[in-house]
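Data block below; observations after.
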Amino acid sequence: GFVHLGGWYWHEELGQDTGSINKTSPVALGWNGNVRVSASSIPDTTRDKAWGLEAGGVYRRAWAFAEHTVRTIDSHTVDPVDQKATSIYAGWMITGEQPGFSRRSGTWGTTRVLRPVQAGGIGAFELAARYDRYDFLDAARGGEGIAWTLGVNWYLNDWSRLMLNY
Numbered sequence: 081g082f083v084h085l086g087g088w089y090w091h092e093e094l095g096q097d098t099g100s101i102n103k104t105s106p107v108a109l110g111w112n113g114n115v116r117v118s119a120s121s122i123p124d125t126t127r128d129k130a131w132g133l134e135a136g137g138v139y140r141r142a143w144a145f146a147e148h149t150v151r152t153i154d155s156h157t158v159d160p161v162d163q164k165a166t167s168i169y170a171g172w173m174i175t176g177e178q179p180g181f182s183r184r185s186g187t188w189g190t191t192r193v194l195r196p197v198q199a200g201g202i203g204a205f206e207l208a209a210r211y212d213r214y215d216f217l218d219a220a221r222g223g224e225g226i227a228w229t230l231g232v233n234w235y236l237n238d239w240s241r242l243m244l245n246y
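Letter by letter, the sequence shown follows residues 81 to 246 in our numbering.
Structure, rendered in structure tokens:
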């Protein structure tokens, strides 16, 4: 197994031509465009900055990752506004495969199926869960949103997957 730890930061000075920042985030990775969290429109913006932390790991057939970020938007006319987001997700390959996460590149890749369907096998099965939280309550008309996702993934072979999420 392995553990991944990371962090990042950015700072941006906004030009005079930036009138406002308005963000409306889709909840649950955009699966339902009708479920959104408003961050409100922040007028007369001057700068914004953000930071994030991430941690995760893979151990044998299981994997888990978490991310948290805070974005602060400064304005001439309103107090600084914080926009916060947190995401936690995990999975377990119940048929014995290794999760398709590369230690070298730090990215998700292909899950190698031990018993592919086209070779007479059952494929690979994975249980997965995800939690997302958005907190835009600092803004005048900002909102808050929480989403849970539970899923079963069936990998037919190294390049095909069927997903059932609730």
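Just so you know, even glycine gets a beta-carbon here, dropped at the ideal spot from N, CA and C. Just so you know, these numbers come straight off a predicted model, no measurement behind them.
Residues of its chain near residue i, where Cβ-Cβ distance is below 6 Å and the 5 sequence neighbours each way are ignored
{"i": "residue 210", "result": "169 and 229"}
{"i": "residue 160", "result": "152 and 154"}
For residue i, the first and last residue of its enclosing beta strand (DSSP E)
{"i": "residue 234", "result": "224-237"}
{"i": "residue 116", "result": "116-123"}
{"i": "residue 147", "result": "142-155"}
{"i": "residue 191", "result": "Careful: residue 191 lies outside any beta strand (DSSP E) and carries neither H nor E."}
{"i": "residue 204", "result": "204-215"}
{"i": "residue 89", "result": "82-93"}
Separation of residue j from residue i, as counted between CA atoms
{"i": "residue 88", "j": "residue 166", "result": "15 Å"}
{"i": "residue 207", "j": "residue 219", "result": "37 Å"}
{"i": "residue 163", "j": "residue 214", "result": "8 Å"}
{"i": "residue 199", "j": "residue 184", "result": "30 Å"}
{"i": "residue 90", "j": "residue 138", "result": "28 Å"}
{"i": "residue 128", "j": "residue 187", "result": "28 Å"}
{"i": "residue 233", "j": "residue 175", "result": "11 Å"}
{"i": "residue 227", "j": "residue 216", "result": "15 Å"}
{"i": "residue 144", "j": "residue 98", "result": "38 Å"}
{"i": "residue 158", "j": "residue 231", "result": "42 Å"}
{"i": "residue 235", "j": "residue 182", "result": "18 Å"}
Residues of its chain near residue i, where Cβ-Cβ distance is below 8 Å and the 5 sequence neighbours each way are ignored
{"i": "residue 102", "result": "119, 120, 121 and 122"}
{"i": "residue 85", "result": "134 and 135"}
{"i": "residue 100", "result": "121, 122, 123, 124 and 125"}
{"i": "residue 178", "result": "138, 140, 141, 191 and 192"}
{"i": "residue 239", "result": "190"}
Beta-carbon proximity list for residue i, same chain, < 7 Å, skipping 5 on both sides
{"i": "residue 132", "result": "87, 88, 147, 148 and 149"}
{"i": "residue 140", "result": "81"}
Whole-angstrom C-beta distance between residue j and residue i, which should lie under 8 Å
{"i": "residue 204", "j": "residue 173", "result": "6 Å"}
{"i": "residue 237", "j": "residue 197", "result": "6 Å"}
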